[in-house]
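Q: What follows is a single structure, and I will ask about it in a moment.
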Amino acid sequence: MDELSLKIHKIAMLLCFDLRAQNQVLKKGVVDEQASSTSLKEQMKQREQSLRKVEQEMDSLSFRNQQLAKRVELLQEELATSQAKGQKSKNKGDSTSQQGLQQTQSVFDEDLQKKIQENERLHIQFYEADKQHRQQESQLKVQLEELERDHEQHQAIVDGLTSKYMDTIERLQSTQARLEVKSQTLERESNECRVQTEECQQQLRKCQSELNRQVKQSSCVIQEKVPFNDTNVAGQALGFVQDIVVALLNFHSYTEQRVHIYPLDSSIEPISPLNQKFSQYLHENAAYVRPLEEGLVQLHQSITEDTVTVLETVGKLKDFADHFTSYTHFLQKILPYQLKSLEEECRAPLCTSSLISKNQELQSDMKRITSVFDKLHSYIILLALPSELYHPTGLTYSSAVFTQLAACLHSLHDAVKEMSKHYSQKAGLEQQLPTVTQKLCTTNECLLASLGMLTNSTDKIATFFSNNLDFFTSSTGYGPRGGVGVFNPLQAESMLGNKKKASDYMQAIRKPRAESVPYREALLNRRVLTSSTESRQGLTQQVVASQEKIARLEQEKEHWLLETQLGRVRLEKESQRIQDLETQLSSALGGGSPASALSLGLGRPALTSLDDGELEERGVEKDAMINEESREQLIKTHYMARVGELTTQLQVSDSKAVNFHAEVRHDTHVLTQTFPITSSFL
Numbered sequence: 005m006d007e008l009s010l011k012i013h014k015i016a017m018l019l020c021f022d023l024r025a026q027n028q029v030l031k032k033g034v035v036d037e038q039a040s041s042t043s044l045k046e047q048m049k050q051r052e053q054s055l056r057k058v059e060q061e062m063d064s065l066s067f068r069n070q071q072l073a074k075r076v077e078l079l080q081e082e083l084a085t086s087q088a089k090g091q092k093s094k095n096k097g098d099s100t101s102q103q104g105l106q107q108t109q110s111v112f113d114e115d116l117q118k119k120i121q122e123n124e125r126l127h128i129q130f131y132e133a134d135k136q137h138r139q140q141e142s143q144l145k146v147q148l149e150e151l152e153r154d155h156e157q158h159q160a161i162v163d164g165l166t167s168k169y170m171d172t173i174e175r176l177q178s179t180q181a182r183l184e185v186k187s188q189t190l191e192r193e194s195n196e197c198r199v200q201t202e203e204c205q206q207q208l209r210k211c212q213s214e215l216n217r218q219v220k221q222s223s224c225v226i227q228e229k230v231p232f233n234d235t236n237v238a239g240q241a242l243g244f245v246q247d248i249v250v251a252l253l254n255f256h257s258y259t260e261q262r263v264h265i266y267p268l269d270s271s272i273e274p275i276s277p278l279n280q281k282f283s284q285y286l287h288e289n290a291a292y293v294r295p296l297e298e299g300l301v302q303l304h305q306s307i308t309e310d311t312v313t314v315l316e317t318v319g320k321l322k323d324f325a326d327h328f329t330s331y332t333h334f335l336q337k338i339l340p341y342q343l344k345s346l347e348e349e350c351r352a353p354l355c356t357s358s359l360i361s362k363n364q365e366l367q368s369d370m371k372r373i374t375s376v377f378d379k380l381h382s383y384i385i386l387l388a389l390p391s392e393l394y395h396p397t398g399l400t401y402s403s404a405v406f407t408q409l410a411a412c413l414h415s416l417h418d419a420v421k422e423m424s425k426h427y428s429q430k431a432g433l434e435q436q437l438p439t440v441t442q443k444l445c446t447t448n449e450c451l452l453a454s455l456g457m458l459t460n461s462t463d464k465i466a467t468f469f470s471n472n473l474d475f476f477t478s479s480t481g482y483g484p485r486g487g488v489g490v491f492n493p494l495q496a497e498s499m500l501g502n503k504k505k506a507s508d509y510m511q512a513i514r515k516p517r518a519e520s521v522p523y524r525e526a527l528l529n530r531r532v533l534t535s536s537t538e539s540r541q542g543l544t545q546q547v548v549a550s551q552e553k554i555a556r557l558e559q560e561k562e563h564w565l566l567e568t569q570l571g572r573v574r575l576e577k578e579s580q581r582i583q584d585l586e587t588q589l590s591s592a593l594g595g596g597s598p599a600s601a602l603s604l605g606l607g608r609p610a611l612t613s614l615d616d617g618e619l620e621e622r623g624v625e626k627d628a629m630i631n632e633e634s635r636e637q638l639i640k641t642h643y644m645a646r647v648g649e650l651t652t653q654l655q656v657s658d659s660k661a662v663n664f665h666a667e668v669r670h671d672t673h674v675l676t677q678t679f680p681i682t683s684s685f686l
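Residues are numbered in my numbering as their position in the sequence shown, beginning at 1, plus a constant of 4.
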């Protein structure tokens with residue numbers, strides 16, 4: 005939970021940093037846009053001021069132009085009057101006055117021309133300035149609208165991101181609070197589980213100590229009283245011996261094949277009489293090697309669960325020892341021929357000094373292997389001796405024999421390993437000879453493979469004997485009464501028969517004990533059951549009372565629904581009767597509508613045929629109808645209120661019944677959980 009809260013805190017921090025960075029960028033963009041907007045507004049104000057100045061100048065110029073136009077008109081009028089006067093008084097003027105008038109006229113014309121040109125220039129400037137101002141104003145308005153749109157978009161993005169990140173922060177805060185609550189709950193549960201774990205560990209230690217005590221006691225009983233044969237160990241030994249038998253068969257067969265190939269090839273020229281005799285003996289190797297496997301198979305088959313397996317009762321071990329004796333004699337018989345055959349190889353013309361040394365090493369290896377097999381034969385004979393010659397005190401040196409047998413197997417492995425190494429070196433040297441053949445190389449490879457297999461097999465069986473030496477040397481733990489002497493086969497058979505009879509007798513008289521509960525747990529369970537039964541009975545009574553009340557309320561509800569329907573029927577009948585009375589009244593008043601009849605009756609009293617008594621009776625009937633309608637309305641209102649009240653009570657009763665049902669289910673669930681736990685502790 006700490007890692008999860010740290011991750012959530014890191015995510016929140018990263019989101020805050022991102023929000024701050026984006027908010028700063030957006031704020032900077034908004035500030036820049038606002039600055040550009042204010043600058044554009046200031047430029048627009050300046051343009052408006054310059055426009056107002058130009059307009060003022062235009063107004064002044066137009067006013068000045070109007071003055072000049074008036075002045076020109078006055079001057080023209082004066083000129084016209086002067087010309088008229090000049091025509092009338094042609095003879096009165098002189099040349100001096102005409103020149104003055106012409107000069108004055110030329111001055112006015114020149115001044116007027118200048119004013120007209122200046123006015124035209126000012127009009128052109130005003131038009132260009134106005135046009136430029138309008139263009140700039142339109143451009144500024146477009147830019148202002150774009151900036152306002154960008155500002156609105158940016159503001160919307162900022163608002164959206166702010167709301168989004170605020171929601172994210174709130175959600176993360178709520179998640180963090182929920183996770184904190186969950187972590188506290190889990191921590192509390194972990195503390196409770198830790199306490200329960202400690203209690204369970206204490207109970208487990210007690211159970212383990214009790215079980216160890218029982219196992220120790222049972223082991224002592226089994227070791228002292230029950231014969232047990234571990235057939236798995238015998239099966240492993242059989243497998244290793246079978247591998248050794250296969251390796252020996254291959255070694256002898258390929259040695260025979262090599263004798264026919266080297267130093268002389270029997271397919272080309274005859275081999276020496278010595279090698280012929282050696283080959284003849286090697287050809288008989290299966291008759292000596294195969295019985296080893298068969299004897300051990302028979303020994304393994306004789307070891308079953310229904311037999312007492314000790315050296316005195318294993319008769320098949322003597323047969324295996326006899327087969328091993330014959331194989332040892334076979335090795336001693338072929339040993340001189342092996343040595344002479346190696347000497348003959350040394351006398352070959354192409355035999356080098358290194359080959360001679362390797363042949364000498366192989367001769368010593370052959371002698372060593374034969375002596376090791378001879379030692380193995382002696383130890384196996386000693387182990388098979390008790391089954392042949394029974395002695396009351398038994399074999400006291402069996403542990404020493406097994407120890408020496410394991411050491412002898414290690415010596416056999418070392419000797420075979422040395423011979424395999426020397427043979428490999430010899431095969432490498434022979435491949436360098438010029439007269440070597442493919443047949444010889446193949447035979448050497450097969451010989452090396454068989455020696456490798458023999459090395460691995462001897463290593464496995466030596467390791468197996470060393471690892472199980474305690475098993476072989478341990479005592480059986482049972483024997484004749486008083487602990488003196490050992491079993492003979494007849495005693496073992498009698499003991500097994502008696503043990504089987506005793507086992508059958510114990511199974512016949514043994515009765516299964518009835519399951520019981522400890523006294524304290526029974527008292528505790530009784531209290532829980534009593535309280536649960538009382539609470540269950542109380543809840544059952546409450547549920548029954550609630551059901552009766554609900555049934556009664558349902559009946560009352562149906563009753564009042566029927567009353568309501570009857571009231572509605574009565575109301576319809578009364579309304580129909582009122583309509584009939586109104587119809588009769590209208591027909592009595594002249595066939596018109598009730599309103600027109602009443603108006604006629606009020607307006608024209610002479611035409612009505614009703615007297616005062618009838619009017620009073622109809623007024624009383626009308627009051628009675630009004631009172632009856634009000635009474636029916638009151639009854640209807642009362643019934644509706646009563647129905648609503650009963651519906652509310654029914655809903656409350658339903659909720660209480662549901663609550664009681666939930667409590668009953670909870671108590672039942674607690675009881676069902678309590679009793680299995682109690683039974684599990686039993």
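For glycine and all other residues, C-beta sits at the position ideal for the given N, C-alpha and C.
Which residues in the same chain as LYS337 place their Cβ atom closer than 7 Å to its Cβ, once the five residues preceding and following it in sequence are excluded?
A: As a first step, residue 337 is located in the sequence shown; it is residue number 333 there, counting from the start. Here the set comprises TYR285.
Q: I'd like the list of long-range same chain contacts for PHE21, defined as Cβ closer than 8 Å, with 5 residues on each side in sequence excluded.
A: Along the sequence shown, one-based indexing puts residue 21 at 17. So no residue of the chain qualifies.
Q: Classify ILE465 as helix, strand or coil using the three-state DSSP reduction.
A: Along the sequence shown, read from residue 1 onward, the residue named residue 465 stands at position 461. Reduced to three states, the DSSP call for ILE465 is helix.
Q: Which of the three DSSP states, helix, strand or coil, is assigned to ILE338?
A: Residue numbering aside, residue 338 sits at position 334 when the sequence shown is read from its first letter. Of the three classes helix, strand and coil, the one that applies to ILE338 here is helix, per DSSP.
Q: Between the segment 35 to 45 and the segment 139 to 157, are three or more C-beta pairs nearer than 8 Å?
A: yes
Q: Spatial neighbours of GLN342 within its chain, please: CB distance less than 6 Å, with the 5 preceding and 5 following residues excluded, ordered by chain position.
A: As a first step, residue 342 is located in the sequence shown; it is residue number 338 there, counting from the start. Contacts found: MET370.
Q: Around the Cβ of GLY239, are there at least 16 other Cβ atoms within 10 angstroms (buried) or fewer (exposed)?
A: Locating residue 239 in the sequence shown gives position 235, where the first residue counts as 1. Exposed, by the Cβ-count rule.
Q: Thinking just about the alpha-carbon of each residue, which of GLU298, SER276, SER257 and ILE272 is nearest to the one in HIS287?
A: Sequence index remark: in the sequence shown, residue 287 carries index 283 (1-based). Measuring from the Cα of HIS287, the nearest candidate turns out to be SER257.
Q: Can we count LYS89 as close to the ligand PLP, meaning its CB is less than 6 Å from some heavy atom?
A: What this structure holds is no ligand at all, so the ligand PLP is not there to describe.
Q: Under a three-way DSSP split, which group does ARG351 fall into?
A: The residue you call residue 351 lines up with position 347 of the sequence shown. In the structure shown, ARG351 sits in coil (DSSP, three-state: anything other than H, G, I, E or B).
Q: Between LEU183 and ILE12, which are expected to be in contact by the criterion C-beta below 8 Å, what is the C-beta distance as a whole number of angstroms?
A: Walking along the sequence shown from the start, residue 183 turns up at place 179. Walking along the sequence shown from the start, residue 12 turns up at place 8. The beta-carbon separation of LEU183 and ILE12, rounded to 7 Å, stays under the 8 Å limit for a contact.
Q: Using only the alpha-carbon positions, how far apart do GLU636 and VAL668 sit?
A: What you label residue 636 is simply residue 632 of the sequence shown in a count that begins at 1. What you label residue 668 is simply residue 664 of the sequence shown in a count that begins at 1. Taken atom to atom, the span from the alpha-carbon of GLU636 to that of VAL668 is near 47 Å.
Q: For a test of the three-state rule: what should DSSP assign to LEU437, helix, strand or coil?
A: The residue labelled residue 437 in the question sits at position 433 within the sequence shown. Of the three classes helix, strand and coil, the one that applies to LEU437 here is coil, per DSSP.
Q: In the segment 353 to 381, which residue ranges form an unbroken alpha helix (DSSP H) of at least 4 residues, counting only runs that do not cross its ends?
A: none
Q: Check PRO267 in the structure and name its three-state DSSP category.
A: For the purposes of this step, residue 267 is identified with residue 263 of the sequence shown, where counting begins at 1. It is coil, neither helix nor strand.
Q: With a 10 Å radius around its C-beta and 16 neighbouring C-beta atoms as the bar for buried, classify HIS333 as buried or exposed.
A: In the sequence shown, residue 333 corresponds to position 329, counting from 1. HIS333 is exposed by the Cβ-count criterion.
Q: Would you identify the three-state DSSP class for ILE12, choosing helix, strand or coil?
A: The residue given as residue 12 occupies position 8 in the sequence shown. ILE12 falls in the helix class under three-state DSSP.
Q: Please tell me whether ALA251 and SER454 are closer than 7 Å, where the distance is taken between their beta carbons.
A: Residue numbering aside, residue 251 sits at position 247 when the sequence shown is read from its first letter. Residue numbering aside, residue 454 sits at position 450 when the sequence shown is read from its first letter. For ALA251 and SER454, yes; Cβs fall inside 7 Å.
Q: Let's test the definition: count the other Cβ atoms within 10 Å of the Cβ of MET170 and tell me whether it reaches 16, buried, or not, exposed.
A: For the purposes of this step, residue 170 is taken as the residue at position 166 of the sequence shown. Exposed, by the Cβ-count rule.
Q: What three-state label does DSSP hand ILE275 in the structure shown?
A: For this step, residue 275 is matched to residue 271 along the sequence shown. If DSSP states are grouped into helix, strand and coil, ILE275 belongs with coil.
Q: Answer yes or no: do LEU339 and THR374 have a C-beta to C-beta separation smaller than 7 Å?
A: Taking the sequence shown and counting its residues from 1, the one referred to as residue 339 is at position 335. Taking the sequence shown and counting its residues from 1, the one referred to as residue 374 is at position 370. Going by C-beta atoms, LEU339 is nearer than 7 Å to THR374.
Q: To the nearest angstrom, report how far apart LEU242 and PHE328 are at their CA atoms.
A: One-based indexing of the sequence shown puts residue 242 at position 238. One-based indexing of the sequence shown puts residue 328 at position 324. Cα to Cα, LEU242 sits roughly 14 Å from PHE328.
Q: If contacts are defined as beta-carbon pairs under 8 Å, then LEU303 and LEU321 qualify, I think. What distance do you get, rounded to the angstrom?
A: Locating residue 303 in the sequence shown gives position 299, counting from the first residue. Locating residue 321 in the sequence shown gives position 317, counting from the first residue. LEU303 to LEU321, Cβ: 6 Å. Contact.
Q: Around the C-beta of VAL245, are 16 or more other C-beta atoms found within 10 angstroms, so that it is buried, or is it exposed?
A: Taking the first residue of the sequence shown as 1, we reach residue 245 at position 241. VAL245 is buried by the Cβ-count criterion.
Q: Using beta-carbon positions only, say whether LEU335 and PHE377 come within less than 7 Å of one another.
A: Locating residue 335 in the sequence shown gives position 331, where the first residue counts as 1. Locating residue 377 in the sequence shown gives position 373, where the first residue counts as 1. Yes.
Q: Would the segment 423 to 437 and the segment 349 to 369 be scored as touching if the rule is three or more Cβ pairs under 8 Å?
A: Contact check between the segment 423 to 437 and the segment 349 to 369: three or more CB pairs, one atom from each, fall below 8 Å, which counts as touching.
Q: Can you tell me whether ASN663 is buried or exposed, with buried defined as 16 or more other CB within 10 angstroms of its CB?
A: Here residue 663 corresponds to residue number 659 of the sequence shown, with the count starting at 1. In this structure ASN663 is exposed. Its beta-carbon is surrounded by fewer than 16 other beta-carbon atoms within 10 angstroms.
Q: Tell me, please, whether the segment 416 to 423 touches the segment 445 to 465 by the rule of three or more beta-carbon pairs shorter than 8 Å.
A: Verdict: yes, contact present.
Q: When you compare only the Cα positions, how much space is there between ALA404 and LEU386?
A: Taking the first residue of the sequence shown as position 1, residue 404 is located at position 400. Taking the first residue of the sequence shown as position 1, residue 386 is located at position 382. Going from the Cα of ALA404 to the Cα of LEU386 covers about 11 Å.
Q: What does the Cβ neighbour count give for ILE15, buried or exposed, with the cut at 16 atoms within 10 Å?
A: Translated into positions along the sequence shown, residue 15 becomes position 11. By the 10 Å Cβ count, ILE15 comes out exposed.
Q: Near ASN69, what residues of its chain come up, given a Cβ to Cβ distance below 6 Å and the 5 sequence neighbours on each side ignored?
A: Working through the sequence shown from its first residue, we reach residue 69 at position 65. If we look at ASN69 and ignore the five residues flanking it on each side, its Cβ neighbours are ASN123.
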